[in-house]
Amino acid sequence: MLIHILTILAEAIILVYAIAVFFVYFALSILSGKELLKYFYTEKITNFDAILSSPFAPTISIIAPAYNESVTIVENIRALLSLYYPNFEIIIVNDGSKDDTLNKTIDAYELEKVPYVIDYKIECKEIVDIYKSKKKAFNNLTVINKLNGGKADALNAGINIAKGQYFIAIDVDSIIDPYALQKLVLPFLTTTDARVIATGGVIRIANSCKIKDGQLIEINVPDDFLPRCQVIEYNRAFLLGRLAWSRLDGLILISGALGLFDKEIAIACGGYYPKTVGEDMEIVVRMRKYMAIRKEKYKVAYLPEPLCWTEAPSSLKILGSQRNRWTRGTIDTIFLHKDIFFNPNFGTMGMLSFPYWVFFEWLAPIIETLGMLYFILLAIFGFPNWIFFSAMFFFVYFFSISFSSYAILYDHLIFHRYKKKRMILKLLVTSWVEPFFYHPMVTWWALRGNWDYFVRKKKAWGKMTREGFSKGVKP
Amino acid sequence: MMRLKSLVFCIAFTFSLLNSGDISAQIDTVLIPAAIHDTIQDTLGIGKSTKVKSDMQKVENPFYRVEIKEERTYDNVFSRIFLSNAQNVKSELIGLSRFFPKPLSGLFQNIVEKSFRFPIVFVFLALILALAGNVLLVIAILFITNMVMNFRAKRYRVVRDFFEKTLTDLMLQVTDKKETMRLLTKYDRKRHVNMLIDVMMDFQKSFRGDSDRQIMEIYERMNLSKISYNKTYSMSFYEQVKGLRELTNMNHHQATEMIMAKLNDQIDIVRTEAQICYPYANPESPFEFLSFLERPFSRWAQLNIYYLIKIHEMPVPSFDKWINSPNPNVVNFCILMIDLFQQQENSQHIINLLTDSNETTRNMAISTCGDLHLFDSKYVMKNNFQSETHRNQIEIIKAFNLIGDETDISFIATTIESESIALRLEAIRTLYNMGEGGRERLTSLNLFMNLALSPYISHIQDIRN
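Sequence order for the protein chains is D and B.
Residues in the first sequence are numbered from 259 upward in steps of one, following our numbering.
Residues in the second sequence are numbered from 419 upward in steps of one, following our numbering.
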């Protein structure tokens, strides 16, 4: 009797969970569509020329941590120096690289050590030296050489040196759109009813794109299957997920590859937390919490425009390591800030987005795997109603590819980056096979992430090897 | 999965019985788990409003096979029409199995039987078909829109070049106005008309004098001004902004009227556009709108207005008229403009703002005191220093870098002992830049107070820091 009740209860939970997932994703996609359309029209009528030579343009500090980036560091810095914005500085933080990242940079930009008194507003590992260029053309370039402490620690070191009112945290090997700063700073200038504390943009996959001197020349869909799946995944996440959450004022994650933050608030919060691998999500949650506790009106904005292009992992090992780390970062943030969970004092974040991350981002792979195992057991003992199962299976499959198709459609209609028919076809076909091959791998890596977090107590970043964009360049 | 099937079926069955018409021919046996058998009986109201016989038979697994024969129909027109024919529909569908190959024919019949037995399967089948159709529709839209977008991009270039050439010919007197209008009306689709207005605006910005007047005349005579005017009444914020911009750039007489109407609009984007358009539409009094602002004046609007003033070299009035505005955005804007345009005549107003309640206003006033070299402000800044925020204290020290003299050395020297490194650095920089007196004081502080100032002095000596 008890077993019957438990099995019915388990099945009911799985059913309710599945229905909730469908409705939530459906609602998010509707909201995102509306918001995307609004952004499209707003962007058409915005005159960005005005900011290019304006004394009103706030100073922005670009902080780029670098660890063993000697392959691409010189061209990446060159790309950053050519961003279209009047008042900005670039701070490269050499986080104890074991290769010749620092020496290459010193040679390329004629850097020399400068006497510098560091104001450690945020705790970080010791900053050994500060370098600036002898050439006036690179006046806005500063290179920090510090002891290794991880990405969060490197960002904190950069914040300590930063002079700008806002800072932007980027991955040094990412390609930033030349107009990114103008666009990212816009919410800070246009919003009058609340204090904007952070903005984020869309990250795109640069694999197989033509890149020259750190600038994107031609956009292509990745040739390899894994990066192509990530294109679909990123489209869904950025265009159908984060945009909706931003609209609901519940966005709690801005990508570590590109995010613009209010420096004063970030320092007041204590900067990035160095003991987590999900520092990008953790700082946004903490900044939001800080403002909510002080009952100050604030906003975390989001721009659905592709402003940053990054190299996606193309090997299973590296991708697995990345997803493992993302899972551990999510769990870290959830447990560090568990007091937000269903806490009305934190508004939409407490009542909607944080629970969403707990149930539908963290627990989803676990519940999905348990459901699969339960079904396998039933199948072994000959219980399943195969007609019903087939109906459910096809329903779920078509729902998921429908969702992916809408992500591709939204992207195409608004941004039209992938112009050729075969590119669209490639993406569509990938979205059809992704649920069978890519999704189970992602689920597996997420489970491994849970295992590593709770059982092995793993805290490290793992190895991330970059091939460099030069390998992705088409002849 | 069997339990799940049962649970789902029970829910569907409950709904179908509660809402259906004559179902006696459709559902005759159901399997109900023992655990919820009683609950189902109560829910169905068996024995109350319907004459239902139930023949309970306990089977091997813990389920009850229940025979339901409902004799009374509910008054539901749609379900009566639909469900009374359901048996016919089922027979028809089973008949269709003859078109399937033998191996699939049995499967098809099985699916039909199960679907009629468990209506929820119908729902899933319908949803699957809807979703599959949805995916096909999206694919079709993707390919069609890709073609259309690529075509339009090429077409856009062709049409735009045509408009530019036609207007250029008018200005060079290759063609007259009549002929120009005849050529321009060739493209009368809405998006082409909008493109024409955009081209006219570009020309109007680039040319002056006779050419400028000719463009505006064509704009009026082709009734394009009416289109722009109507846009300002659109429900879409995008159209409203476009309308305002067009009327303003084409110097239309109705521009100011529409701008004033939208100056305090609820929609931020529209309001910002009206604020930006005002100086352009009223060059003789470009900032008069500051007197009418009831809603916030964003930094983006301020930035764009400054850009317009610089581009068009508009005369800038004295900002003392608005410096005491109740709107703090307006006050801050005035401070910035006084600073940028070096309006020394407003120095007393700036000094008065050093004691404003708004921290940002005070910060901007302090910065302006330094930029305008307002020596009279030193006394007020020194007095307020201790009660100021850390950010403003740094700003005060920076201002003294520009207006300080030997009489201020003692004041600056006291801040060197501050715990704040940022404050200490600014104080040392200021003292260093005060000349011999300042540097002597630095040396004495370094030697006698044991403050270890050498690293700080090295820091500020490098102009790159």
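Glycine included, each C-beta is placed from N, C-alpha and C at the ideal position.
None of these values were measured; they are calculated from a predicted model.
Spatially closest choice to I469(D) from K557(D), F396(D), R583(D) and A337(D), by CA coordinates: Each of K557(D), F396(D), R583(D) and A337(D) was checked against the Cα of I469(D), and the nearest Cα belongs to A337(D).
Compare the C-alpha of R702(B) against each of P733(B), N568(B), F759(B) and Q879(B) and name the closest. According to the sequence shown, residue 702(B) is Glu rather than Arg. Here the closest residue by C-alpha is P733(B).
Burial state of T688(D), where buried means 16 or more other Cβ atoms lie within 10 Å: Buried, because 16 or more other Cβ atoms sit within 10 Å of the Cβ of T688(D).
Beta carbon proximity, I376(D) to chain B, threshold 9 Å: Closer than 9 Å: yes.
Taking DSSP as the reference, what is the three-state secondary structure of I589(D)? I589(D): helix per DSSP, three-state reduction.
Is it right to say R639(B) is buried, meaning 16 or more other beta carbons lie within 10 angstroms of its own, or is it exposed? R639(B) comes out exposed.
CB V749(B) to CB L771(B), shorter than 9 Å? Yes, Cβ-Cβ distance for V749(B) and L771(B) is below 9 Å.
Would you call the region 665-677 of chain D in contact with the region 543-562 of chain B, where contact means no fewer than 3 C-beta pairs closer than 8 Å? Yes, the region 665-677 of chain D is in contact with the region 543-562 of chain B.
Looking at the C-beta of Y367(D), does it have a partner C-beta in chain B at a distance below 9 Å? Chain B contact via Cβ: absent.
Taking one C-beta from the region 364-372 of chain D and one from the region 309-323 of chain D each time, how about it: are there three or more such pairs within less than 8 Å? No: fewer than three Cβ pairs fall under 8 Å.
Less than 9 Å between CB atoms is the rule here; does A582(D) satisfy it with respect to chain B? Note on identity: in this sequence residue 582(D) is Asn, with Ala being the wrong assignment. Taking Cβ atoms only, chain B never reaches closer than 9 Å to N582(D), which makes this a no.
Return yes when the Cβ of M599(B) is within less than 9 Å of the Cβ of I633(B), no when it is not. Their beta carbons are not under 9 Å apart, which means I633(B) does not touch M599(B) by this criterion.
What did DSSP end up calling A443(B) once you bin it into helix, strand or coil? For A443(B), the predicted model reports a pLDDT of 37, less than 50, meaning its position is unreliable and no value from the coordinates is stated.
Where are the beta strand (DSSP E) runs, 3 residues long or more, that stay fully inside the region 485-518 of chain D, in chain order? Listed in chain order, nothing qualifies, since the region 485-518 of chain D has no complete beta strand (DSSP E) run of 3 or more residues.
Using beta-carbon positions only, say whether I463(D) and P436(D) come within less than 9 Å of one another. Not in contact: I463(D) and P436(D) (Cβ atoms no closer than 9 Å).
Does the distance from the C-beta atom of D429(D) to that of A559(D) stay below 9 Å? At least 9 Å separates the beta-carbon of D429(D) from that of A559(D).
Which residues of the region 828-851 of chain B have a Cβ closer than 7 Å to any Cβ of chain D? Give them in chain order. Within the region 828-851 of chain B, the residues whose Cβ lies closer than 7 Å to some Cβ of chain D are I839, A840 and L843, listed in chain order.
To which residues of the same chain is Y424(D) closer than 8 Å at the C-beta, ignoring the five residues directly before and after it? Excluding residues within five positions, the ones whose Cβ falls inside 8 Å are P316, T317, I318, S319, V443, F446, L518, F519, D520 and K521.
Counting Cβ pairs closer than 8 Å, one from the region 520-538 of chain B and one from the region 638-651 of chain D, do we hit at least three? With a cut-off of 8 Å, the region 638-651 of chain D and the region 520-538 of chain B count as touching, because enough Cβ pairs lie within range.
Note down, one range per segment and in chain order, each alpha helix (DSSP H) of at least 4 residues found wholly within the region 638-692 of chain D. Taking 4 residues as the minimum length, the alpha helix (DSSP H) runs contained wholly in the region 638-692 of chain D are 644-672, in order along the chain.
Bridge partners of K470(D), per DSSP? BP columns for K470(D) point to Q473(D).
Other residues of its chain near S312(D): CB distance less than 8 Å, five sequence neighbours each side excluded: Taken in chain order, the residues that qualify are P344.
In the DSSP assignment, find the unbroken beta strand (DSSP E) run with T568(D) in it and report its ends. First-last of the beta strand (DSSP E) with T568(D): Y556 to T568.
Beta-carbon gap between C566(D) and G459(D) smaller than 9 Å: Against a cut-off of 9 Å, the Cβ pair of G459(D) and C566(D) comes out as a contact.
Apart from the five residues on each side of it in sequence, which residues of its chain come closer than 6 Å, Cβ to Cβ, to F534(B)? Correct list, in chain order: K508.
Who does N352(D) pair with in a DSSP beta bridge? Looking at the DSSP output, N352(D) bridges to A324(D) and N403(D).
What in chain D is Cβ-close to N407(B), meaning under 7 Å? A query on residue 407(B) cannot be resolved here, the shown segment of chain B reaching from 419 to 883 and no further.
According to the neighbour-count rule (16 or more other Cβ atoms, all chains shown, within 10 Å of its Cβ), is E856(B) buried or exposed? Contrary to the premise, residue 856(B) reads as Gly rather than Glu in this sequence. Flag for G856(B) reads buried.
Taking only beta-carbon atoms, is P701(B) less than 9 Å away from chain D? Contact with chain D is absent for P701(B), since none of that chain's Cβ atoms lies less than 9 Å from the residue's Cβ.
Taking only the alpha-carbon atoms, compute the straight-line gap between V566(B) and L574(D) and give it to the nearest angstrom. Between V566(B) and L574(D), the C-alpha separation is close to 38 Å.
T304(D) to V616(D) span [Cα, whole Å]: One C-alpha to the other measures close to 37 Å.
With H, G and I counted as helix, E and B as strand and the rest as coil, what does DSSP make of A456(D)? A456(D): strand per DSSP, three-state reduction.
Against chain B, does F281(D) count as a neighbour if the rule is that its beta carbon must be under 9 Å from one of theirs? Not one chain B Cβ lies under 9 Å of F281(D).
So the candidates are D620(B), N648(B), K644(B) and L841(B); which of them puts its Cα closest to the Cα of Q804(B)? Checking every option, the nearest Cα to that of Q804(B) belongs to L841(B).
Can a CB atom of chain B be found closer than 9 Å to the CB of S312(D)? With a threshold of 9 Å between beta carbons, S312(D) makes contact with chain B.
Which residues does DSSP list as the beta-bridge partners of Y389(D)? DSSP, once it has assigned bridges, lists K371(D) and V401(D) as partnering Y389(D).
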